[in-house]
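In my numbering, the protein residues as written are 79 to 146.
We put the beta carbon where it would ideally sit given N, CA and C, even for glycine.
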Amino acid sequence: MAVTPYDLIVIGSGPGGYVAAIRAAQLGLKTAVIEREQVGGVCLNWGCIPTKAFLRAADVYRQIQRAA
């Protein structure tokens, strides 16, 4: 396997990691992102955003039930 040199390696692709990687690339750095799970990290895939979506869906469901 060939060795590829990078200027910056970002560990984790959560909300901070992918923004840092994008900004580094915009500044001209050769950048790599290392992620062991899914791109987006815990917040995007399991935590903050999915939780908000479930809470909103439950709220809409409750409003529909009360309106009927």
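N- and C-terminal bounds of the beta strand (DSSP E) containing residue i
i, result
"A110", "T109 to I112"
"L122", "Element bounds for L122: not the beta strand (DSSP E) but the alpha helix (DSSP H), G119 to N123."
Residues near residue i by beta carbon distance below 6 Å, same chain, minus five either side
i, result
"A110", "Y84 and I87"
"A103", "T109"
"V120", "none"
Where residue i sits in the DSSP three-state scheme
i, result
"L86", "strand"
"Q141", "helix"
"A135", "helix"
Reference residue i; option with closest CA among the options
i, options, result
"T82", "A102, G94 and K108", "K108"
Sequence-distant residues of its chain with Cβ nearer than 7 Å to residue i (five each side left out)
i, result
"A99", "V88, T109 and V111"
Residue range of the alpha helix (DSSP H) that includes residue i
i, result
"A102", "P93 to Q104"
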